[in-house]
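S.K.: The structure's right below; bear with me while I get my questions together.
Number of protein chains: 2
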Amino acid sequence: MRGVVMHAPGDVRVEDREDPQIIDPTDAVIQLSATCVCGSDLWPYRGIEPVDHTLMGHEYVGIVEQVGDAVRTVRVGDFVVGSFVISDNTCEICRAGFQSRCVHAQLVGGTIGTQAQKARIPYADGTLVATPGHPDPDLVPSLLAASDVLGTGWFAADAAQAGPGRTVAVVGDGAVGLMAVLAAQQLGAERIIVFSRHEDRQALARSYGATDIVTERGDEGVAAVKELTGGLGAHSVVEAVGTQEAFMQAVGATRGGGHLGYVGVGYEVSIPGMALFSAGIHTLGGPAPVRRYLPDLVQRIWDRTIDPGRVFDLTLPLEQAAEAYEAMDQRRATKVLLTP
Amino acid sequence: MRGVVMHAPGDVRVEDREDPQIIDPTDAVIQLSATCVCGSDLWPYRGIEPVDHTLMGHEYVGIVEQVGDAVRTVRVGDFVVGSFVISDNTCEICRAGFQSRCVHAQLVGGTIGTQAQKARIPYADGTLVATPGHPDPDLVPSLLAASDVLGTGWFAADAAQAGPGRTVAVVGDGAVGLMAVLAAQQLGAERIIVFSRHEDRQALARSYGATDIVTERGDEGVAAVKELTGGLGAHSVVEAVGTQEAFMQAVGATRGGGHLGYVGVGYEVSIPGMALFSAGIHTLGGPAPVRRYLPDLVQRIWDRTIDPGRVFDLTLPLEQAAEAYEAMDQRRATKVLLTP
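Heads up: the protein sequence lines correspond to chains D and B, in order. Last residue of the first sequence? That's 340 in full-length UniProt numbering, and every number before it is there in order. Last residue of the second sequence? That's 340 in full-length UniProt numbering, and every number before it is there in order.
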């Protein structure tokens, strides 16, 4: 089969890789219908994270081709959506809703690499969710989004306790930030402020439910949110960028006792303990437990209640993966869907 | 009146200071029955925080001597306990339970300085809580503890979501850590692990409800908690020290999706964003909103359900404040009560 390997920063190649096989009885092998490039794939692409002949890709939807003997909830022929973290969904941590910290957690990116034609998914029952039937083609991008960006944005909004009567501020107008806007709207937030300087993303954010746009950043961005919230700051803040400035902007925009959900932390971020202490806020972040939200998200997409697939603004064949990375790196595209 | 002024690091003096007067109609002037030295008073004492002729002390109980015209809930002659942060208890932030971040918040330490015979307390209704009557003398240390260390330890345990079925780990065996143990026990925690190397504090911790003692620190301390919790880490962790090692030990001891309550952050602490992100935990910290808990804590003390006053292991007259600081600095005392 064909699959993406990043040899070194900036060096993305589509190569012949061995066809995946069932190894453990809890495995499934799926034939991918769609995959994509994640904002986080740009970290190694830009040399910020280590990379060395790495199997890329961790977002995926597809059709189950084979299952191991122990697999119970997904069947050959099912259309499935999977989380970007493998989970058994039965351990104590999973049962508490933190499947991304499962005792059997494994990142799909780097070890499996779903920018490919096929993938072996361990703990298939605990990782994959079957859709009610084979989806109409126009639903595929939205289902693919559920695999990471939607699930991550949703987790961030939930972690920030977006909900009725609350003002939510979203730092980041990338795919995850936009999905957090959508999630905040679905969760019933009263007001949704987005930090954005890009007109096309502002428009998409508004279409997903944003009520206010702030173009300032850093301390000025914080001041703008305070001005919009009677001097108090937002009840709920989502951080979906991953830089030092963005994280501290998110801390500053959160009112005392408010909630910060962060999903974009990069290696450079170092949080002054005293600043976090003085803020007096709740925080929850980390790799999103997408599997917790998947059944609900799949249903909302199936019912056409939400349309997260619009976050993809470019579609390319898998063979042109290098072009997809380049387009995202140069911000010519927000998020690129790849067809295997 | 007499009161404590810290001229410079290590230079604690008891001096004549002007008698406090009502300035605003929401003020009360109280005659202090007891005050004490806080672990945080040792930061300036040791030169870690700036200090320059600073009015010291922020924990206090006493009898109301005068009230302004607008004061409604406390009366002249009442015995009162106050929070170490002034709050109006009516603003939106206060109503959400974060009185330490009140729009009128003011730290008592440094501006009022309750290591003194009297104190003017702004926003008396929002800051002070009257006891049901004048307390028996043996209740005074416990009521004084409610002013900060008990309230702070309680907030930390609550922030860590200590409760039934949960394993709580407490980093720090100082007064606040010990109070967090007491709080965790009262909140119904199933198991309470304390990091401690001091036999007397271990004994006090056990008497307050600790079930396990861990003497290791840092990564070894984390490993010990993991071993006690089936490899997962504690559900709830309290950080009550304020050093880099203690904070990261607390992060490491918290299971994925667990809750960290931190109340002891010092200036040196810098949290690597990626470490916090990877941990995937809830955090809540900052100056404790003691006022939220005060009515409940006063009642539990009044009913003799809890006995936090045992955390004081030395009592000195106010005039010997310098000796009190020295005893705590040299760890000859956990916490010193001063009688004005």
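For each residue, glycine too, the CB sits at the ideal point set by N, CA and C.
Residues in the stretch 209 to 234 of chain D with C-beta within 7 Å of chain B's C-beta atoms, listed in sequence order?
M.R.: So the list reads L232, given in the order they occur along the chain.
S.K.: Which stretch, first to last residue, makes up the beta strand (DSSP E) that contains R191 of chain B?
M.R.: In the second sequence, residue 191 of chain B corresponds to position 191, counting from 1. Note, R191 of chain B: beta strand (DSSP E), R191 to F195.
S.K.: G151 of chain D and V290 of chain D: beta carbons closer than 9 Å?
M.R.: For the purposes of this step, residue 151 of chain D is taken as residue 151 along the first sequence, with counting starting at 1. For the purposes of this step, residue 290 of chain D is taken as residue 290 along the first sequence, with counting starting at 1. For G151 of chain D and V290 of chain D, yes; Cβs fall inside 9 Å.
S.K.: With a Cβ-Cβ cutoff of 9 Å, do V71 of chain B and D27 of chain B count as a contact?
M.R.: Taking the second sequence and counting its residues from 1, the one referred to as residue 71 of chain B is at position 71. Taking the second sequence and counting its residues from 1, the one referred to as residue 27 of chain B is at position 27. Yes, the pair counts as a contact, with Cβ atoms nearer than the cut-off.
S.K.: So what does V4 of chain D bridge to, in DSSP terms?
M.R.: As a position in the first sequence, residue 4 of chain D is number 4, starting the count at 1. D:V14.
S.K.: Residues of chain B with CB under 7 Å from L284 of chain D, in chain order?
M.R.: In the first sequence, counting from the first residue as 1, residue 284 of chain D sits at position 284. Ordered by position in chain B, the residues that pass the 7 Å Cβ test against L284 of chain D are H282.
S.K.: Name the DSSP beta bridge partners of E239 of chain D, please?
M.R.: Reading the first sequence from its first residue, position 239 is the one you call residue 239 of chain D. Paired residue(s): D:V171 and D:Y262.
S.K.: Is it buried or exposed for Y60 of chain B, if we count other Cβ within 10 angstroms and need 16 for buried?
M.R.: As a working note, residue 60 of chain B is residue 60 in the second sequence. Burial call: buried.
S.K.: Within 10 angstroms of its Cβ, does R332 of chain D collect 16 or more other Cβ (buried), or is it exposed?
M.R.: Numbered from its first residue, the first sequence carries residue 332 of chain D at position 332. So R332 of chain D ends up on the exposed side.
S.K.: For the stretch 97 to 126 of chain D, which residues have a CB atom closer than 7 Å to at least one CB atom of chain B, in sequence order?
M.R.: Taking 7 Å as the Cβ-Cβ cut-off against chain B, the residues of the stretch 97 to 126 of chain D that qualify are G97, F98, S100 and R101.
S.K.: Determine, using beta carbons only, whether G252 of chain D and G273 of chain D come nearer to each other than 9 Å.
M.R.: What you label residue 252 of chain D is simply residue 252 of the first sequence in a count that begins at 1. What you label residue 273 of chain D is simply residue 273 of the first sequence in a count that begins at 1. No, the pair does not count as a contact, with Cβ atoms beyond the cut-off.
S.K.: Using a Cβ cut-off of 7 Å, pull out every chain D residue sitting near E92 of chain B, in sequence order please.
M.R.: As a first step, residue 92 of chain B must be located in the second sequence, where it is residue number 92. Within 7 Å Cβ-Cβ: L232.
S.K.: Could you tell me whether any Cβ in chain B is nearer than 9 Å to the Cβ of M179 of chain D?
M.R.: As a working mapping, residue 179 of chain D is identified with position 179 in the first sequence. Output row for M179 of chain D: interface = no.
S.K.: Going by beta-carbon coordinates alone, are L144 of chain B and P287 of chain B separated by less than 9 Å?
M.R.: What you label residue 144 of chain B is simply residue 144 of the second sequence in a count that begins at 1. What you label residue 287 of chain B is simply residue 287 of the second sequence in a count that begins at 1. Contact: no.
S.K.: Rounding to the nearest angstrom, what Cα-Cα distance links L276 of chain D and A180 of chain B in this structure?
M.R.: Locating residue 276 of chain D in the first sequence gives position 276, where the first residue counts as 1. Locating residue 180 of chain B in the second sequence gives position 180, where the first residue counts as 1. Each residue's Cα considered, the two are about 21 Å apart.
S.K.: What does DSSP give as the partner residues of P317 of chain D in its beta bridges?
M.R.: The residue labelled residue 317 of chain D in the question sits at position 317 within the first sequence. Note: P317 of chain D sits in a beta bridge opposite D:T339.
S.K.: Here's the rule I'm using: 16 or more other beta-carbon atoms within 10 Å means buried, otherwise exposed. How should S100 of chain D be labelled?
M.R.: Within the first sequence, the letter at position 100 stands for residue 100 of chain D. With 16 or more other Cβ atoms within 10 Å, it is buried.
S.K.: Specify, as a first and last residue, the run of the alpha helix (DSSP H) that V222 of chain D falls within.
M.R.: Here residue 222 of chain D corresponds to residue number 222 of the first sequence, with the count starting at 1. Start and end: G218 to L228.
S.K.: Excluding five sequence neighbours on each side, which residues of the same chain lie with their C-beta closer than 7 Å to the C-beta of P9 of chain B?
M.R.: Taking the first residue of the second sequence as 1, we reach residue 9 of chain B at position 9. Correct list, in chain order: P44, Y45, R46, G47 and V51.
S.K.: Identify the contact partners of A279 of chain B in chain D, using a Cβ-Cβ distance below 7 Å as the criterion.
M.R.: To locate residue 279 of chain B, count along the second sequence from 1; it is residue 279. Result: G286.
S.K.: With 16 other CB atoms within 10 Å as the buried threshold, where does H259 of chain D fall?
M.R.: Numbered from 1 along the first sequence, position 259 holds the residue referred to as residue 259 of chain D. Its Cβ being crowded by 16 or more others within 10 Å, H259 of chain D is buried.
S.K.: With 9 Å as the threshold, decide whether the Cβ of M328 of chain B is near any Cβ in chain D.
M.R.: Along the second sequence, one-based indexing puts residue 328 of chain B at 328. Chain D contact via Cβ: absent.
S.K.: Could you check which residue in B:V222, B:A250 and B:M6 has the C-alpha nearest to that of A156 of chain B?
M.R.: Start at 1 with the first residue of the second sequence, and residue 156 of chain B comes out as number 156. Among B:V222, B:A250 and B:M6, the Cα nearest to that of A156 of chain B is on B:A250.
S.K.: Since M274 of chain B meets chain A, which of its residues come closer than 8 Å, beta carbon to beta carbon?
M.R.: In the displayed structure, chain A is absent; the protein chains listed are D and B.
S.K.: For my contact list, L334 of chain B and V311 of chain B are in at a C-beta cut-off of 8 Å; report their separation, rounded to the angstrom.
M.R.: Numbered from its first residue, the second sequence carries residue 334 of chain B at position 334. Numbered from its first residue, the second sequence carries residue 311 of chain B at position 311. It should be noted that the sequence gives Thr, not Leu, for residue 334 of chain B. Yes, T334 of chain B and V311 of chain B are in contact; Cβ-Cβ is about 6 Å, under 8 Å.
S.K.: For the beta strand (DSSP E) containing V311 of chain B, list its first residue and its last residue.
M.R.: For this step, residue 311 of chain B is matched to residue 311 along the second sequence. Unbroken run through V311 of chain B: none, as it is neither H nor E.
S.K.: Is the beta carbon of V336 of chain B closer than 9 Å to that of L314 of chain B?
M.R.: Along the second sequence, one-based indexing puts residue 314 of chain B at 314. Along the second sequence, one-based indexing puts residue 336 of chain B at 336. A contact, by the Cβ cut-off of 9 Å.
S.K.: Report the option in D:A119, D:A246 and D:G68 whose CA atom is closest to the CA atom of V81 of chain D.
M.R.: On the first sequence, position 81 is the one that residue 81 of chain D refers to. It is D:A119.
S.K.: Could you pull out every residue in the same chain whose Cβ sits closer than 8 Å to the Cβ of I193 of chain D, ignoring the five residues on either side in sequence?
M.R.: Working through the first sequence from its first residue, we reach residue 193 of chain D at position 193. T167, V168, A169, V170, A210, T211, D212, I213, V214, V225, L228 and A234, listed in sequence order.
S.K.: Under 9 Å, do A321 of chain B and V67 of chain B count as touching if we go by C-beta distance?
M.R.: Taking the second sequence and counting its residues from 1, one reaches residue 321 of chain B at position 321. Taking the second sequence and counting its residues from 1, one reaches residue 67 of chain B at position 67. Not in contact: A321 of chain B and V67 of chain B (Cβ atoms no closer than 9 Å).
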